[in-house]
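Visitor: Residue numbers (the working numbering): -11 to 200. Even glycine gets a Cβ: it sits at the ideal position worked out from N, Cα and C. The structure presented is a predicted model; accordingly, all values stated were derived computationally and were not measured. Provided herewith is a single structure, encoded as structure tokens, for subsequent inquiry.
Below you can see the structure in the form of structure tokens.
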């Protein structure tokens, strides 16, 4: 189904069992009308305000060119034996990141309904009946680890954002704080949410009732 995917140049630290891509690949099973809500063609009507309110967290003008955003991050193999992901990989700030900055898009295969791989640990909800699976195809964003056992709290978050220029809706990793920068060399840590761990039979301690 995805034989026509054009791989992107893999960055340093890339794992060889995943195909590096730098743009979303849409499953042909996704209805054209639904896809147009997220990726409207030039001159097309904007989605209804109710749709934007339900599926977009932030709206603004963002430079999400891979050539720009890739300079924000670096993949590293984790060798610290105290790190819960020792032997695997993590995503780190390659330069100082400003508060609320878009760091990089989350790239993978956009799947319709339950077409994603149920065994994948790299699936993000994108919108109604849509998800992004970066299990076999993705970019640097797939290496962002959960904060538990590493930091006191997440320093980045996943947000659906709409670019005011193109009206396209994407998922990005953003600096979580409105005041604090992320220093060069810091690991980027997100929360996967309680449901991620519950589905894998992991019971979390001191988990917030408000956490998704």
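1. How would you write the range of the alpha helix (DSSP H) that residue 55 sits in, first residue to last?
2. With DSSP as the reference, please indicate the residues paired to residue 99 in a beta bridge.
3. Are there 16 or more other CB atoms within 10 angstroms of the CB of residue 119, so buried, or fewer, so exposed?
4. State yes or no: is the C-beta of residue 63 within less than 8 angstroms of the C-beta of residue 144?
5. Can you tell me the Cα-Cα spacing of residue 31 and residue 150, whole angstroms?
6. Quick check: the Cα distance between residue 51 and residue 89, rounded to an integer number of angstroms?
7. What number of angstroms, rounded off, separates the C-alpha of residue 169 from the C-alpha of residue 46?
8. How far does the beta strand (DSSP E) with residue 157 in it extend, from its first residue to its last?
9. Could you give the residue range of the alpha helix (DSSP H) that holds residue 40?
Guide: With the given structure in hand:
1. 54 to 57
2. 119
3. A buried status is given to residue 119, since no fewer than 16 other beta-carbon atoms sit within 10 Å of its beta-carbon.
4. no
5. 16 angstroms
6. Roughly 10 angstroms between the two C-alpha positions.
7. 19 angstroms
8. 157 to 163
9. It spans 37 to 43 - the alpha helix (DSSP H) in which residue 40 sits, taken as one unbroken run.
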